[in-house]
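The numbering used here applies: residue 2 is where the sequence shown begins, and numbers increase by one.
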Amino acid sequence: MNSSSTPVRWYGLDLIRLVCFLCIMLFHFGLFYFGDPEPPHYVDESRIIWVVIWLLRVGAQSGFIIAFLSTLLLSLNKKAGSGRWKLFGVLALGWLVLSLQMHSPWGISWDVFGLIFAGISTVMAAEAALGTGAVRILGVLGYLMLWLPFWQLAPYLHADYASPVQEALKNIVGVASCDMREVSEWPLLPWTGLVWFGYWMGAEIRRLRDAGQMASLCVNRQEAVAWTVILVATVPQLGAYFHIRGGPYFSCDAYRQAPVIFWSHFVWPLFLIRCSFDPRVQARLSLQGWVRRVSDLAISRKFWLAYLLQYVSGTAIAYALNYWEMVDPGSLAVWELPLLEFLCLTILFQTELMTARADKLIRAVSKWRVQRHRGASAVPIVLPVEGGTL
2 MNSSSTPVRW YGLDLIRLVC FLCIMLFHFG LFYFGDPEPP HYVDESRIIW
52 VVIWLLRVGA QSGFIIAFLS TLLLSLNKKA GSGRWKLFGV LALGWLVLSL
102 QMHSPWGISW DVFGLIFAGI STVMAAEAAL GTGAVRILGV LGYLMLWLPF
152 WQLAPYLHAD YASPVQEALK NIVGVASCDM REVSEWPLLP WTGLVWFGYW
202 MGAEIRRLRD AGQMASLCVN RQEAVAWTVI LVATVPQLGA YFHIRGGPYF
252 SCDAYRQAPV IFWSHFVWPL FLIRCSFDPR VQARLSLQGW VRRVSDLAIS
302 RKFWLAYLLQ YVSGTAIAYA LNYWEMVDPG SLAVWELPLL EFLCLTILFQ
352 TELMTARADK LIRAVSKWRV QRHRGASAVP IVLPVEGGTL
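See below:
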C-alpha cells in the first residue's frame, strides 16, 4: 500500500461524501433563501423540488456523516506542520463567514465549523502530548458520549434567571432545554464525541496501513453476519430522521434524537464506510472510470474549500433573489420557480467550478510567492572594495 506520506483516494468514501455534500448544499440554500430548508408550496408545483425535498429527508444525517468522515480522513492522512495550519485556517474562515451570515447577537454563531475546530484541536493536542494511547482513550470516550442524551440535564440546570451569555453557553455545550426556545445546532455534548470517534478510527486504520496489514480489513464471514444482524435489528427504529421538522424545531429534532434512534440510522452509513476500506471494494471501484473522476473532482480533493465556497455562493444568490423580489416582485414571481429548479440541478456543478477556479488561483498565488522569495534570495550581494590583496 501507499505510504502514509502519499495519501490514496478512498473511492467509496469520496462517493459517500459527494452524496452527503449535495444534500448539505441543497439544505443550506433552502435555509438561506426561504429561512427554512423546505419551501412551503413548491412541492406540488415542481417534480424537481419534490425530488430535492425527498433527497433531503433521506439524507438528513448527511452532516453527521461529513463530520465523521472528515475527521477520519484527517487522522488517516495525518497532515503535519503547514497542512494542519491550513486546515485550521479554513475552519476559522468558515466559522467567520457563518457568523457574519447568521447575524448572531454575540458576534459568533455556533455550527459544525466550531465543533470540528474544537474536536480536532483537543484530540491533536492530546496526541501530541501523550501519544496514540490518548487518541484511543478519547475515541472510546467519544463513542460512549454518543450514547448519552446530555440535553436531558437541562431541567436540573434550570435557573430562574440566566444571563444571555449563560444561555448561549448552555446552548453550545448542549444542555439547553428544547421547551423554552430554539437551541443551537452541533452542541459540544455529545457531538465532540463524533469527532473524537472518527479521529480514532482513522488512527487505527493508519496503524494497519503503516504496518502493511490492510488485508486484515477484508470483511470476513463472521463480520458480515454481525453487520447483517445489527442492520436488521435497526429496521424498526428507522424513519425518525425522515420526519424532522424545520424552523425553530430543526435543532432539537436533528441533534437531540434518542441515542438508539441516532445509532439505528447512523449504523447504515457506518457500514458503507467500513466496506469502503475493504481492499476488494477499493480495487473494484478503482476499475470504474466514473468513480475515479469523482475522486478527481476539486470538491473531493479540496472539500473544506468547497464547503466554504458553497456557503458564500448560496448566501450571495439568496440575497440577490431577495433583492430582486424587493425591486420587481412581479417579475420574480414569473421566474422564481424555473430559477430554483435550475439552481437545484446545477448546484453541484457550480460548486465544482468555483472550487476548481479558487484552487487554481490559490496555487498560482502560492507559486508566485515562492518564486518571488527565491528571486529575492538569488540577488547577488556586492561587497565594497577596500583595497589590498587576497
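Quick reminder that beta carbons are idealized off the backbone N, C-alpha and C, glycines included.
**OP:** Give every residue of the same chain whose Cβ lies closer than 7 Å to the Cβ of P150, excluding the five residues on either side of it in the sequence, and list them in chain order.
**Re:** Scanning its chain for C-beta atoms nearer than 7 Å, with the 5 sequence neighbours on each side dropped, one finds around P150 the residues A259, P260, in chain order.
**OP:** Give the straight-line distance between the Cα atoms of N323 and C345, rounded to the nearest whole angstrom.
**Re:** Rounded to the nearest angstrom, the two C-alpha atoms are 17 Å apart.
**OP:** Tell me whether G31 is buried or exposed, calling it buried when 16 or more other Cβ atoms sit within 10 Å of its Cβ.
**Re:** Per the 10 Å Cβ criterion, buried.
Original post:
Can you tell me the Cα-Cα spacing of A81 and A317, whole angstroms?
Top reply: At A81, the pLDDT of 48 sits below 50, so the modelled position is not reliable; the number obtained from the coordinates is stated separately. Taking the straight line from one Cα to the other gives about 34 Å.
Original post:
Is M146 buried or exposed, if buried means 16 or more other CB atoms sit within 10 Å of its CB?
Top reply: It counts as buried.
Original post:
Rounded to the nearest angstrom, how far is the Cβ of G132 from that of V196, given a contact under 8 Å?
Top reply: Going by Cβ atoms, the distance from G132 to V196 rounds to 19 Å, so no, they are not a contact pair.
Original post:
When DSSP labels each residue in this structure, what does C345 get in the three-state scheme?
Top reply: C345 carries a helical assignment under DSSP once its states are collapsed to helix, strand and coil.
**OP:** Figure out for me which residue from V113, A307, L298, E205 has the closest Cα to the Cα of V141.
**Re:** Checking every option, the nearest Cα to that of V141 belongs to E205.
**OP:** State yes or no: is the C-beta of A405 within less than 8 Å of the C-beta of Y308?
**Re:** The shown model of the chain, from 2 to 391, leaves out residue 405, and the question about it has no answer.
Original post:
What residue range is occupied by the uninterrupted alpha helix (DSSP H) comprising Y312?
Top reply: Element bounds for Y312: 304-328.
Subject >> Whether L232 touches W269 by CB criterion (8 Å) >> reply: Result yes, Cβ atoms of L232 and W269 sit closer than 8 Å.
Original post:
Using 8 Å as the threshold, is the region 334-354 in touch with the region 43-60, meaning 3 or more CB pairs across them?
Top reply: With a cut-off of 8 Å, the region 43-60 and the region 334-354 count as touching, because enough Cβ pairs lie within range.
Original post:
Nearest to I348 by alpha carbon, out of I17, F22, W55?
Top reply: The shortest CA-to-CA distance from I348 to any of I17, F22, W55 is the one to F22.
Subject >> Whole-angstrom distance between V230 and Q223, CA atom to CA atom >> reply: Approximately 11 Å between the Cα atoms of the pair.
Subject >> Residues near A255 in its chain [Cβ-Cβ closer than 6 Å; skip 5 each side] >> reply: Setting aside the 5 residues that flank it on each side, A255 is surrounded in the same chain by I245, each with a C-beta closer than 6 Å to its C-beta; the list follows chain order.
**OP:** Use the C-beta contact count for C253: other C-beta atoms within 10 angstroms, 16 or more gives buried, fewer gives exposed.
**Re:** The residue is buried, with at least 16 neighbouring Cβ atoms inside 10 Å.
**OP:** Counting only the same chain and skipping the five closest in sequence on each side, list residues whose C-beta sits under 6 Å from that of W325.
**Re:** Here the set comprises L333.
Original post:
Rounded to whole angstroms, how far is the Cβ of L201 from the Cβ of R137, which I believe are closer than 8 Å?
Top reply: A quick correction: the sequence has Trp, not Leu, at residue 201. Contact between W201 and R137 holds, with the beta-carbon distance rounding to 6 Å and staying under 8 Å.
Original post:
Just checking my contact of G13 with C276 at CB under 8 Å: how many whole Å lie between their CB atoms?
Top reply: Indeed, because the Cβ distance is near 7 Å, the residues count as touching under 8 Å.
**OP:** Please report how far the alpha carbon of G26 lies from the alpha carbon of L310, in whole angstroms.
**Re:** First, the residue type needs correcting, since residue 26 is Met and not Gly in the sequence shown. Each residue's alpha carbon lies about 10 Å from the other.
Original post:
Any idea if N172 is buried or exposed, counting beta-carbon neighbours within 10 angstroms, 16 or more meaning buried?
Top reply: With 16 or more other Cβ atoms within 10 Å, it is buried.
**OP:** Within its chain, find whatever has a CB closer than 8 Å to the CB of G376; leave out the 5 residues flanking it on each side and keep chain order.
**Re:** Excluding positions up to five away in sequence, the list is empty.
Subject >> A319 versus A234: straight-line alpha-carbon distance, rounded >> reply: Separation of A319 and A234 (C-alpha to C-alpha, rounded to the nearest whole angstrom) is 42 Å.
Original post:
DSSP on D297, reduced to helix/strand/coil?
Top reply: Correct three-state label for D297: helix.
Original post:
Just curious, the alpha helix (DSSP H) that G240 is in, first and last residue?
Top reply: DSSP places G240 in no alpha helix (DSSP H); its state is neither H nor E.
Original post:
Count the other CB atoms within 10 Å of the CB of F1; is the residue buried (16 or more) or exposed (fewer)?
Top reply: Summary: the structure shown does not reach residue 1, with the chain confined to residues 2 through 391, and so no result is reported for it.
Subject >> Member of Q214, M355, F69, R58 whose CA lies at the smallest distance from the CA of I274 >> reply: Measuring C-alpha to C-alpha distances from I274 to each of Q214, M355, F69, R58 identifies F69 as the nearest.
Original post:
Near V295, what residues of its chain come up, given a Cβ to Cβ distance below 8 Å and the 5 sequence neighbours on each side ignored?
Top reply: Y12, D15, L16, L19, S301.
Original post:
At which residues does the alpha helix (DSSP H) containing H266 begin and terminate?
Top reply: Per DSSP, the unbroken alpha helix (DSSP H) holding H266 starts and ends at 260-277.
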